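Q:
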Amino acid sequence: MPDIPKSAKIGRNVVIEDHVKIGENVFIGHNTIILNGTEIGDDVVIGFNCVLGIQPIGNQRMRQISKNHNQLVLKNNTRIGNLVSIYSGTLVAENAFIGDHASIRENVIIEESTVIGRGAIVELNSKIGKKCTIQTLVYVTGDTIIEDNVFIGPCVSMSNDKYMGAQPYKLIGPHIKKDAKIGNNASLLPGITIGQKTIVGAGAVVTKNIEDGQIFAGVPAKDIKN
Amino acid sequence: MPDIPKSAKIGRNVVIEDHVKIGENVFIGHNTIILNGTEIGDDVVIGFNCVLGIQPIGNQRMRQISKNHNQLVLKNNTRIGNLVSIYSGTLVAENAFIGDHASIRENVIIEESTVIGRGAIVELNSKIGKKCTIQTLVYVTGDTIIEDNVFIGPCVSMSNDKYMGAQPYKLIGPHIKKDAKIGNNASLLPGITIGQKTIVGAGAVVTKNIEDGQIFAGVPAKDIKN
Amino acid sequence: MPDIPKSAKIGRNVVIEDHVKIGENVFIGHNTIILNGTEIGDDVVIGFNCVLGIQPIGNQRMRQISKNHNQLVLKNNTRIGNLVSIYSGTLVAENAFIGDHASIRENVIIEESTVIGRGAIVELNSKIGKKCTIQTLVYVTGDTIIEDNVFIGPCVSMSNDKYMGAQPYKLIGPHIKKDAKIGNNASLLPGITIGQKTIVGAGAVVTKNIEDGQIFAGVPAKDIKN
């Protein structure tokens with residue numbers, strides 16, 4: 132058991148493994164598990180029944196997992212919901228919020244003041260910028276880049292495997308540029324780029340790159356502005 | 132620790148905070164957490180690893196949360212699955228069923244005999260009528276009204292923010308009238324009304340109001356009956 | 132408490148009920164619950180905060196649940212993630228992987244080396260073949276058959292109730308034949324068959340049977356190969 136500051140409020144049945152660092156005024160809810168090496172800043176609130184700092188495992192059919200998994204870092208004033216899982220090697224920056232039932236893989240960066248919705252899942256090696264809103268049940272695939280101030284509506288789906296497991300292929304997720312907005316339940320295909328301030332309609336299927344400042348909707352998504 | 136009737140069956144590592152009321156013949160599974168002020172009726176079954184009675188938190192970029200959060204009330208004979216989260220200020224009426232991994236926010240009303248599917252998420256201030264079926268992984272956005280006897284298929288997505296975070300706007304979810312049926316993975320836009328006994332096809336994107344007794348499908352959804 | 136081999140590594144606050152069998156070199160993470168009658172093979176890894184071996188419950192509006200629920204069986208070398216729920220009467224075969232937050236119902240068979248993604252939900256009476264990849268947040272409805280080596284992209288939705296609760300009807304899920312590939316966020320309707328090596332595009336809505344070796348996309352899905 133590591134040193135826990137007197138200012139911390141720790142619930143019942145909480146498990147805190149070795150080599151965990153805990154800042155001042157931290158709240159950890161009942162039954163939450165903080166695994167080896169996790170680093171928690173000041174004024175962090177962590178809900179109930181969470182698992183934080185997971186080391187990746189896999190099976191022989193899943194792709195190679197980074198051997199270099201450092202610790203999970205939760206910066207000052209982050210808020211973590213309930214029943215959340217977050218892997219090691221991930222950074223959650225100041226004032227970010229992770230909703231209930233969300234799951235964040237290893238080697239992810241979530242920048243300041245971003246909101247990750249309930250039940251959203253962020254896969255490995257993805258980067259999400261500042262002040263983004265990633266709504267409920269969004270699926271952010273691996274190797275995705277989301278720039279600052281992006282809005283992603285509920286249930287948006289992304290993919291990163293052009294050949295759906297059939298061929299050796301460099302996995303590459305979407306690249307969503309700053310100030311873009313994606314409507315609910317849209318589908319984004321592997322490797323596409325969505326331009327700055329571009330708007331994608333609800334339920335659209337985006338199959339190719341979209342330039343800055345466009346409005347696209349439909350299946351497949353087409354220009355509805357010009 | 133509050134008074135617990137002798138008829139209750141309480142699992143191991145269960146946390147029951149102060150000011151919790153528990154009726155007769157209640158089952159609470161191992162590792163479940165019942166937070167301050169929760170009121171549980173008779174013959175209620177609560178699964179394992181749940182968190183019930185959560186007080187809302189947020190960050191400065193999320194919308195104002197009601198200060199008037201009363202307790203969570205689970206009426207007689209409700210059934211709560213496993214790994215479920217439910218907030219305070221919400222009412223789950225008699226004979227309702229909440230599936231595994233579901234999450235229900237504050238100030239929600241779920242009326243008698245309604246079923247909420249596995250992994251479904253219901254946001255704040257929504258009302259769901261009697262004998263509804265809200266299937267697996269449905270997303271019910273905030274400020275939604277669902278009348279009695281509505282069927283919502285798996286993975287249906289709703290939104291309540293017409294400007295996707297861009298403008299001050301009164302958030303308003305869909306209004307789904309009684310006996311309507313929504314096919315799986317349909318997308319509903321903010322503030323639309325779906326009429327009584329109307330049927331929406333699987334994968335449809337509903338962008339405007341639909342009158343009673345219609346059949347709509349496609350992207351965007353169009354009348355396929357007349 | 133059953134006999135636990137000395138080779139097992141059991142976390143803190145773990146609940147292991149009676150009549151559980153545990154093989155050699157098993158890892159069970161903190162706060163996980165193993166319910167009555169579960170059978171765990173050798174070299175199995177189970178994450179944190181899981182609930183395994185759940186007996187089905189329901190309410191009077193849900194369909195009849197099999198009375199003949201045998202135990203949950205996890206075969207040798209299976210890997211179970213974190214915050215996972217699995218019901219009794221289900222078989223997870225050798226080398227299979229079940230991702231974090233996934234939920235698997237009763238009477239399901241998951242064959243060797245198949246991967247079930249994070250947050251995916253598999254309903255009762257379904258069978259998933261060998262070496263399948265069922266990606267993140269996929270919904271496999273009840274009474275579905277998925278043959279060997281199928282790829283199902285993220286957020287794919289299936290349904291099994293043609294009349295959406297309105298009529299007595301034999302529930303029947305999709306039948307997806309071997310080597311088929313389904314793109315992300317596609318919707319599959321009740322009882323359809325998708326042929327061998329057929330490819331379905333992202334966001335497609337499949338409303339009728341598709342023969343072997345086809346490529347279909349759109350809403351409703353149409354032949355885009357010929």
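Residue numbers (the working numbering), protein chains in the order written: chain L, 132 to 357; chain E, 132 to 357; chain X, 132 to 357.
Beta carbons are placed, not taken as given, at the ideal position from N, Cα and C, and that holds for glycine.
Here the structure is a predicted model, which is why all the values come from computation and not from measurement.
By Cβ distance below 7 angstroms, which residues in the same chain neighbour SER244/L in space, the five residues on each side in sequence not counted?
A: Taken in chain order, the residues that qualify are ASN226, ALA227, LYS261 and LYS262.
Q: Could you check whether the Cβ of ASN207/E sits closer than 8 angstroms to any Cβ belonging to chain L?
A: Taking Cβ atoms only, chain L never reaches closer than 8 angstroms to ASN207/E, which makes this a no.
Q: Helix, strand or coil for LEU205/L, going by three-state DSSP, please let me know.
A: LEU205/L falls in the strand class under three-state DSSP.
Q: Which word fits ILE217/X, buried or exposed, when buried means at least 16 other C-beta atoms lie within 10 angstroms of its C-beta?
A: It counts as buried.
Q: Taking the alpha-carbon positions, what's the VAL176/X to ASP149/X distance?
A: Taking the straight line from one Cα to the other gives about 20 angstroms.
Q: When every heavy atom of the ligand HEM is checked, does at least one fall within less than 7 angstroms of the C-beta of GLY304/E?
A: Of the ligands one can find in the structure shown there are none, so the ligand HEM has no counterpart to examine.
Q: Given a cut-off of 8 angstroms, decide if ILE240/X and ILE211/X are closer than it, judged by their beta-carbon atoms.
A: No, the Cβ-Cβ distance between ILE211/X and ILE240/X is not below 8 angstroms.
Q: So is LYS312/E in contact with chain X if we call contact Cβ pairs under 8 angstroms?
A: With 8 angstroms as the cut-off, LYS312/E counts as an interface residue toward chain X.
Q: For GLY344/E, does the count of other Cβ atoms within 10 angstroms reach 16, so buried, or fall short, so exposed?
A: By the neighbour-count rule (16 or more Cβ atoms within 10 Å), GLY344/E is not buried but exposed.
Q: Is there a C-beta anywhere in chain L that falls below 8 angstroms from the one on ASN201/X?
A: Taking Cβ atoms only, chain L never reaches closer than 8 angstroms to ASN201/X, which makes this a no.
Q: In terms of alpha-carbon separation, which member of GLU254/X, THR221/X, ILE247/X and LYS301/X lies closest to VAL281/X?
A: The shortest C-alpha separation from VAL281/X is found at ILE247/X.
Q: Are ILE185/X and SER138/X close, meaning C-beta to C-beta below 8 angstroms?
A: Not closer than 8 angstroms, so no.
Q: Using the rule of at least 16 other Cβ atoms within 10 Å of the residue's Cβ for burial, across every protein chain shown, is ILE330/L buried or exposed?
A: When all chains shown are included, ILE330/L counts as buried.
Q: GLY349/X versus chain L: which residues are under 7 angstroms apart at the beta carbon?
A: Simply VAL350.
Q: In chain L, what lies closer than 7 angstroms to LEU214/X by C-beta?
A: Per Cβ cutoff of 7 angstroms: VAL182, LEU214 and SER216.
Q: In whole angstroms, what separates the C-alpha of GLY178/L from that of VAL182/E?
A: Taking the straight line from one Cα to the other gives about 9 angstroms.
Q: At least one CB of chain X closer than 8 angstroms to the CB of ILE290/L: is that the case?
A: A quick correction: the sequence has Ser, not Ile, at residue 290/L. Yes - at least one Cβ of chain X is within 8 angstroms of the one on SER290/L.
Q: Tell me whether PRO133/E is buried or exposed, calling it buried when 16 or more other Cβ atoms sit within 10 Å of its Cβ.
A: Its Cβ having fewer than 16 others within 10 Å, PRO133/E is exposed.
Q: Tell whether a beta-carbon distance below 8 angstroms holds between ASN315/X and VAL287/X.
A: Yes, Cβ-Cβ distance for ASN315/X and VAL287/X is below 8 angstroms.
Q: What separation, rounded to the nearest whole angstrom, lies between the Cα atoms of ALA224/X and LYS152/X?
A: Cα-Cα distance, rounded: 16 angstroms.
Q: Helix, strand or coil for VAL223/E, going by three-state DSSP, please let me know.
A: In the structure shown, VAL223/E sits in a strand (DSSP, three-state: E or B).
Q: Roughly how many whole angstroms lie between the Cα atoms of PHE144/X and GLY142/E?
A: The question names Phe, yet the displayed sequence has Asn at residue 144/X. Cα-Cα distance, rounded: 12 angstroms.
Q: Note down, in chain order, each residue of its chain lying with its Cβ closer than 7 angstroms to the Cβ of LYS328/X, except the 5 sequence neighbours on either side.
A: If we look at LYS328/X and ignore the five residues flanking it on each side, its Cβ neighbours are ASP310, ALA311, ASP343 and GLY344.
Q: Helix, strand or coil for LEU319/E per DSSP?
A: Strand.
Q: Does DSSP classify TYR218/L as helix, strand or coil?
A: Three-state result, TYR218/L: strand.
Q: Mind checking who MET289/L pairs with in its DSSP beta bridge?
A: MET289/L pairs with LEU319/L.
Q: Does the Cβ-Cβ distance between ILE277/E and ASN291/E come in under 8 angstroms?
A: No; because the gap between Cβ atoms is not below 8 angstroms, this pair is not in contact.
Q: If you run the structure through DSSP and keep just helix, strand and coil, what is GLY184/L?
A: Here GLY184/L sits in strand by DSSP.
Q: Give me the chain E residues within the contact set of THR264/L, using Cβ-Cβ distance strictly less than 7 angstroms, ordered along the chain.
A: Result: GLY296.
Q: When we look at the beta-carbon of ILE355/L and count the other beta-carbons within 10 Å, is it buried (16 or more) or exposed?
A: Its Cβ having fewer than 16 others within 10 Å, ILE355/L is exposed.
Q: Of all the CB atoms in chain E, is at least one closer than 8 angstroms to the CB of VAL176/L?
A: For VAL176/L, the answer is yes, since a Cβ of chain E falls inside 8 angstroms of its Cβ.
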